[in-house]
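J.: Numbering (the UniProt record's numbering), first residue to last: 1 to 525. Structure incoming, see below.
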């Protein structure tokens, strides 16, 4: 009898055997992939941890206590002060924010290993040295905030090639050299803030050729040359080039910046006339072209930008007249500063329509006629009309100003005001700090009511034709720092109480008919 052969039956059905083998292989491969991915993520996380520790090594020991949680033996770097990590694997550092923590030291190039960093914010510290070129290699970086430190050297060329960079703020440092062309050529930047440094050279020609650029602040540097043309600048809302040495004219292409809200070009060497295209920017709120060498007439279009709240053309060579309807065409103005120009004609009565006006400066021009009554300007805090050829008539303008309860400064010096100063002067705002009527033709006595202006720090009535005694109430103005009454016809005794004015640093009583001595403890003479 032949031996019986026993066959072992598979537990896996024959039809599914191949599928079972495939499934087993997939599980094996998957488990190894998980191990590999986990190890890779761990390596990346460790790389970030080491980069943070490297950053700490550049911080001076005196301020290292701020980074007390940044310990070598701590693996949980996401819990370190100022560090924010991603919420998904692999765990990476996405933000480093250490504002106003008094950090001193330098920035290390090893920070380039934080290649998932989106935000680097070290605002308002005491960091010194240069900005590492390697920061431009942070491919995920969107916001770079290093303002308010002591950084020096040049702006890294690499910042212009950081593909994700949206905002660069390096203001309030000691950076020097030129603004890199690469920064101007960046297609991703929406904000460039480089103010208050020592930057020199010209503004890169392509800076205003980006459709994403919304804000440019280059004020208080040593930039020179012309302002470049404006091409693809439809997103530009804020432009500040104040306090440089820019020359030439304002390009007419500035009108292409149709979204512009603030145009600040003061304290440069710009010349020529203002292009009419600026007046075609519909939503302008702030225009400051003061302290330049502009000349000619102000375009009528600019006087019709009704959205303006701040309008300053002071210290130029503008001519022509202020429009008679300026108060109606610019009803939202809070500041109108046109001093130190060559404007002629009268002060427009329509100014009374500027109900929001706080500062009116049309001093040092060639304005004539009677000062209008501006008492309806309830928010007025500064009224500067000095050094013109304005007249007082019946002094109705002064009486109307008693309604301006916020008035701090009233300057009417250097005009042709005549007649007697009315007693209504004592009803001006008790907040008034500076009252100047010097260099006019005012006669009569100084009203005793002037002593009610208890906040006065400066009282200038010198070089008039005032007569009679100085009211005793003047010597009770305890906040006076400057008192100018020289070159009048004042008489009487100088009281000993003048020594009670402990704040007084300038006292001018010369060229009068006064008698007595000024106490030795009184400053000035």
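For every residue, glycine included, the Cβ atom is placed at its ideal position computed from N, Cα and C. Treat the numbers as computed from the prediction; the structure is a model and nothing was measured.
How should residue 71 be labelled, buried or exposed, when 16 other C-beta atoms within 10 angstroms of its C-beta is the threshold for buried?
T.: Exposed, since its Cβ has fewer than 16 Cβ neighbours within 10 Å.
J.: Return the first residue and the last residue of the beta strand (DSSP E) that residue 329 is part of.
T.: Element bounds for residue 329: not the beta strand (DSSP E) but the alpha helix (DSSP H), 326 to 329.
J.: Among 396, 314, 151 and 488, which has the Cα closest to the Cα of residue 360?
T.: That would be 314, whose Cα lies nearest to the Cα of residue 360.
J.: If you draw a straight line from the alpha carbon of residue 68 to that of residue 145, how long is it in whole angstroms?
T.: Answer to the nearest angstrom: the Cα atoms are 23 Å apart.
J.: Can residue 289 and residue 260 be called in contact, C-beta distance under 8 Å?
T.: Their beta carbons are not under 8 Å apart, which means residue 289 does not touch residue 260 by this criterion.
J.: Tell whether a beta-carbon distance below 8 Å holds between residue 177 and residue 200.
T.: Contact: yes.
J.: How many Å lie between residue 419 and residue 442 at the Cα?
T.: Distance between the alpha carbons of residue 419 and residue 442 is about 5 Å.
J.: With a threshold of 8 Å on Cβ separation, who are the neighbours of residue 34 within its own chain once the five nearest residues in sequence on each side are excluded?
T.: Since pLDDT at residue 34 reaches only 37, below the 50 mark, its modelled position is unreliable, and no value is offered.
J.: CB residue 93 to CB residue 75, shorter than 8 Å?
T.: Going by C-beta atoms, residue 93 is not nearer than 8 Å to residue 75.
J.: Could you spell out the range, first to last residue, of the alpha helix (DSSP H) harbouring residue 397?
T.: From DSSP, the alpha helix (DSSP H) with residue 397 extends over 396 to 400.
J.: Here's the rule I'm using: 16 or more other beta-carbon atoms within 10 Å means buried, otherwise exposed. How should residue 513 be labelled?
T.: With fewer than 16 Cβ atoms within 10 Å of its Cβ, residue 513 is classed as exposed.
J.: Suppose you measure from the CA of residue 46 to the CA of residue 242; what does that come to, to the nearest Å?
T.: So the alpha carbons of these two residues sit roughly 46 Å apart.
J.: Using a 10 Å radius around the Cβ and a threshold of 16 neighbouring Cβ atoms, would you call residue 51 buried or exposed?
T.: Classification for residue 51: buried.
J.: Leaving out the 5 sequence neighbours to the left and right, which residues in its chain are closer than 6 Å to residue 156 when beta-carbon positions are compared?
T.: Cβ within range, chain order: 131, 133 and 136.
J.: Could you round the C-beta distance between residue 171 and residue 194 to whole angstroms and report it? I think they count as a contact, below 8 Å.
T.: Contact flag correct, Cβ pair sits at about 6 Å.
J.: According to DSSP, what are the bridge partners of residue 181?
T.: DSSP output for residue 181 lists no bridge partner at all.
J.: Which partner residues does residue 245 have in the DSSP bridge list?
T.: BP columns for residue 245 point to 224.
J.: Can you tell which of 162, 82 and 56 has its C-alpha closest to the C-alpha of residue 123?
T.: Closest by alpha carbon: 82.
J.: Cα separation between residue 305 and residue 466?
T.: Distance between the alpha carbons of residue 305 and residue 466 is about 45 Å.
J.: Work out the CA separation of residue 503 and residue 509 for me, nearest whole Å.
T.: Roughly 17 Å between the two C-alpha positions.
J.: Relative to the alpha-carbon of residue 451, which residue among 464, 445, 438 and 426 has its alpha-carbon at the smallest distance?
T.: Considering only alpha carbons, the answer is 426.
J.: For residue 366, I'd like the list of residues in its chain whose CB is within less than 8 Å of its CB, leaving aside the five on either flank, ordered along the chain.
T.: If we look at residue 366 and ignore the five residues flanking it on each side, its Cβ neighbours are 342, 343, 344, 388 and 389.
J.: If I measure Cβ to Cβ from residue 63 and keep anything under 6 Å in the same chain, skipping five residues before and after, which residues do I get?
T.: Counting only Cβ-Cβ distances below 6 Å, and skipping sequence neighbours, we find 102, 103 and 104.
J.: Nearest by alpha-carbon distance to residue 421: which of 183, 300 and 447 is it?
T.: Of the listed residues, the one whose Cα sits closest to residue 421 is 447.
J.: Where does residue 282 land, buried or exposed, given buried means 16+ other C-beta within 10 angstroms?
T.: Classification for residue 282: exposed.
J.: Give the DSSP-derived three-state secondary structure of residue 109 in the structure shown.
T.: Here residue 109 sits in helix by DSSP.
J.: Who are the near neighbours of residue 414 in its chain, counting only those whose CB is closer than 6 Å to its CB and skipping five residues on each side?
T.: Contacts found: 386, 387 and 439.
J.: Can you tell me whether residue 227 is buried or exposed? The criterion is at least 16 other CB atoms within 10 Å of its CB, across all chains shown.
T.: Buried: at least 16 other Cβ atoms inside 10 Å.
J.: Counting pairs of beta carbons, one from the stretch 311 to 331 and one from the stretch 286 to 300, are three or more of them closer than 8 Å?
T.: Verdict: yes, contact present.
J.: Measuring straight from C-alpha to C-alpha, what distance separates residue 189 and residue 371?
T.: Roughly 50 Å between the two C-alpha positions.
J.: Note the first and the last residue of the continuous beta strand (DSSP E) segment covering residue 129.
T.: Counting along the chain, the beta strand (DSSP E) containing residue 129 begins and ends at 126 to 129.
J.: State the Cα-Cα distance for the pair residue 84 and residue 142, rounded to the nearest angstrom.
T.: Approximately 15 Å between the Cα atoms of the pair.
J.: How should residue 347 be labelled, buried or exposed, when 16 other C-beta atoms within 10 angstroms of its C-beta is the threshold for buried?
T.: With 16 or more other Cβ atoms within 10 Å, it is buried.
J.: Can you list, in chain order, the residues of its chain whose CB lies under 8 Å from that of residue 457, leaving out five sequence neighbours each side?
T.: Excluding residues within five positions, the ones whose Cβ falls inside 8 Å are 433, 434, 479, 480, 481, 482 and 503.
J.: What residue range does the beta strand (DSSP E) around residue 425 cover?
T.: Looking at the DSSP string, residue 425 is not in any beta strand (DSSP E), and its letter there is neither H nor E.
J.: Spatial neighbours of residue 339 within its chain, please: C-beta separation below 8 Å, excluding the five flanking residues on both sides.
T.: Cβ within range, chain order: 314, 315, 361, 362, 363, 364, 365 and 384.
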